[in-house]
Amino acid sequence: MRLAPKIFLANAVVILILVGVAAWTLTEVAGLIGTHRDIVVRAADVLRVEASLRERVGQVHRFEMRALVFGDREYATVSSQEAGQIEKSLNQLHQLLTTDAERAQARQVIRAFANYRATVGKARELRARGDVSGASRILETEARPAIERVAAELDALITLTQAALYETQTQAKAALGQAKSEAARLRERTWNVVIIALIAAVITALLGTGVIAVRMTRSLRRVATATEAIAEGSFREPIPVETTDEIGALARSFNRMAERLREIDALKEQFYATMSHELRSPLTSAREAAHLLEQGGPGPLTPKQEKLVSIIHRSTDRLLRLVSQVLDLSRLSAGLLPLEHRPLGLDRVVRRAVKELRVQAEEKGVTLGYECGPGTFDVVGDEDRIVQVLINLVANGIRFTPAGGSVMVRLADAGSDMEIQVGDTGVGIPADALPFVFERFRQA
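Just so we're aligned, residue -9 is where the sequence shown starts under our numbering, counting upward by one.
Here's what the structure looks like:
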C-alpha cells in the first residue's frame, strides 16, 4: 500500500468515529422530539377534520332543501357529493382518534349520518313520484331532526376531542418534565460518548500516524546512512525492503544504484591494478638494469657512460614516483584510496617531511628550515598521506628557488585549526596562474 492511502486510512478512522457519534446523537434527539411532535400533530389533524365536518353537515341539508324547493337536480348532485365526502371524512376521523370514548362517539356520528341519508333517500323517492308535499314533510319532520342529531353528535365528539387534547397537554407537560430529564441524561451520555470517542480518535490517530512515521523514518534513516556510506566510498549490504510503498520503491532503486556502483568500483580497482602493474614492471626493470650498470656488473664504464647510466637511473626513479603519485591521485579522486585515521602529532609529521627533503635542498644549495609555534598539535589522520602532501609542497619550493635561497616550513596554532605554511625566496607564482594552482598537471 502506498503512503497516501496509509495516511488517509489513519485519518479516516478518526472521521468515522466522529461521524458515528454525531449520527447516534442525532438519532437520540430525533426520537425524543418525534414522540411529542406526533402527539401534537395528530390532535391538530383531528380538530381540523371535526370542524370541517361540523360546517359541511349543515350545508348538505341546505342543498337538499333547495333541490326540493327549486326542483334543481344540480343541488341534488352537489348534496350527494358532499354527503359522500362527509362519510369518507368520518371514516378517516375514526382512524385518527386515539381514545375509546372518541371512537365510540365517532361511531354514533356515523350511524346518525347514515340515518339522515336514509331519510333523505325516502324524500327523494317521493319527489321523484311527484309527491312534493310528502317529500317536503319528510325533510322538515324527519330529515331536519336527523341532521340536527348528527350536528349534536359531532359537537359531543368535538368536546371529547378537546377533553382528550387537554389530557394530552397535561400528559405532555408531564412528559416535558420527563423529556427534560431525558434530555439531561442524553446530554450527559452524549458528552461521555463524545469524550470517549475523541480520546479513542486521538489515540487511534496518534498510533496510526506514529506507526507510519516510525516506519518511514526508519526506512529513510537506513537510506540516509547508506547514502553517507557510499559518499565515503563504502558499499554496504543492500537495504532491506520491508514495504511496497514509495519508501520501498526508493530502497529498491537505491539497492540497484549501489549494486551498479559496486560493479563500477570493482572495474576501477581492476583498471588501477592493471595500470600499476603494466607501468611499474618495465620501469622497475629499467631501474634495476641501470643500477647493475652503475655497479659495474657487465664491466667498467667510461665516464660518459656512467653519466648516461646515472641519468637513466634518476629518470626511472622519478617516473616510478610520478606513476605512483598519479595512480594514488586517481584512486583518491575515485574514493578507492583507503585512509588510516589514527592519532598523531602533526609537529612530528612535519619534521619527518622536512628531514626527507633536506638532502635534496642541500644538493640544490637551498637552505631548508622548520619552525614550530607553541602549543600541542595532536590530530587524527593518515600520516603517510600528510607527509606526501608536505613533500609535494616543499619540493616545489626547493625546485623553484635558486641556489643561495631558502625554504621555510612553519607550523602554527590558528585557534580551532592548525596551519602549515611553506614559504620560499624563489620566483613565486605569476598572478595570472594563481586561479589554476589546484588544477591537475598544470605547470606555471
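Even for Gly, the Cβ is constructed at its ideal location relative to N, Cα and C. If you're wondering where the values come from, they're calculated on a predicted model, not measured in any experiment.
- Residue pairing from DSSP places Met408 in a beta bridge opposite Asp403.
- Exclusion of the five residues before and after Gly363 leaves Arg400, Leu401, Ala402 and Asp403 as the residues of its chain whose Cβ lies within less than 8 Å of its Cβ.
- Linking Val47 to Val140 through their CA atoms gives a straight-line distance of about 8 Å.
- Secondary structure of Asp374 (DSSP, three-state): helix.
- With a cutoff of 8 Å on beta-carbon distance, Thr391 and Gly359 are scored as not near each other.
- In the structure shown, Asp145 falls within a helical segment according to DSSP collapsed to helix, strand and coil.
- In this structure Ala133 is in contact with Tyr106, their Cβ atoms being roughly 6 Å apart against a cut-off of 8 Å.
- For Thr199 and Val192, the gap between their C-alpha atoms comes out near 10 Å.
- At a Cβ-Cβ threshold of 8 Å, Ala136 and Ala102 count as neighbours.
- Counting other Cβ atoms within 10 Å of its Cβ, His331 stays below 16 and is therefore classed as exposed.
- Rounded to the nearest angstrom, the gap between the Cα atoms of Ala73 and Leu147 is 19 Å.
- For Val99, same chain residues with a beta-carbon under 7 Å away, outside a window of 5 residues either side, are Leu80, Val140, Glu143, Leu144 and Leu147 in chain order.
- Looking at the DSSP output, Tyr360 bridges to Val399.
- Taking C-beta atoms under 8 Å as the contact rule, Arg348 and Asp307 fail to qualify, at a distance of about 18 Å.
- Under DSSP, Arg332 shares a beta bridge with Gly371.
- Approximately 12 Å separates the beta-carbon atoms of Val397 and Ala343; this is outside 8 Å, ruling out the contact.
- Arg252 and Thr207 have their C-alpha atoms some 26 Å from each other.
- Taking a C-beta distance under 8 Å as the contact criterion, Phe53 and Ser42 do not qualify as a contact pair.
- A Cβ-Cβ separation of about 6 Å places Gly335 in contact with Phe367 under the 8 Å criterion.
- Looking at the backbone, the Cα of Leu6 and that of Val184 are separated by about 13 Å.
- Under the three-state reduction of DSSP output, Gly120 falls in the coil class, being neither helix nor strand.
- Remark: C-beta atoms of Leu309 and Leu273 approach each other more closely than 8 Å.
- Inter-segment contact for the segment 238 to 248 and the segment 209 to 221 is present: three or more beta-carbon pairs are separated by less than 8 Å.
- Burial is judged here by how many other beta carbons sit within 10 angstroms of a residue's own beta carbon; Ser209 has at least 16 and is buried.
- By a beta-carbon distance limit of 8 Å, Leu150 contacts Glu92. Their separation comes to about 5 Å.
- DSSP assignment within the segment 230 to 315 yields the following whole alpha helix (DSSP H) runs of 4 residues or more, N-terminal first: 236 to 284.
- Cβ contact annotation for Met408 (same chain, cutoff 8 Å, sequence separation greater than five): Leu336, Phe367, Val369, Leu401 and Ala402, in chain order.
- By the Cβ-count criterion, Arg117 is buried, with 16 or more other Cβ atoms from all chains shown falling within 10 Å of its own Cβ.
- Distance check between Leu83 and each of Val340, Arg205, Arg44 and Leu240 places Arg44 closest, using alpha-carbon atoms only.
- Collapsing the DSSP output to three states places Gly413 in a strand.
- When only Cα atoms are considered, Glu115 and Arg56 end up about 16 Å apart.
- For the pair Asp414 and Gly395, the CB atoms are nearer than the 8 Å cut-off.
- Looking at the backbone, the Cα of Leu269 and that of His281 are separated by about 19 Å.
- Contact between Ala125 and Ala113 holds, with the beta-carbon distance rounding to 4 Å and staying under 8 Å.
- Classified as buried, Ala96 has 16 or more neighbouring CB atoms from the shown chains inside 10 Å of its CB.
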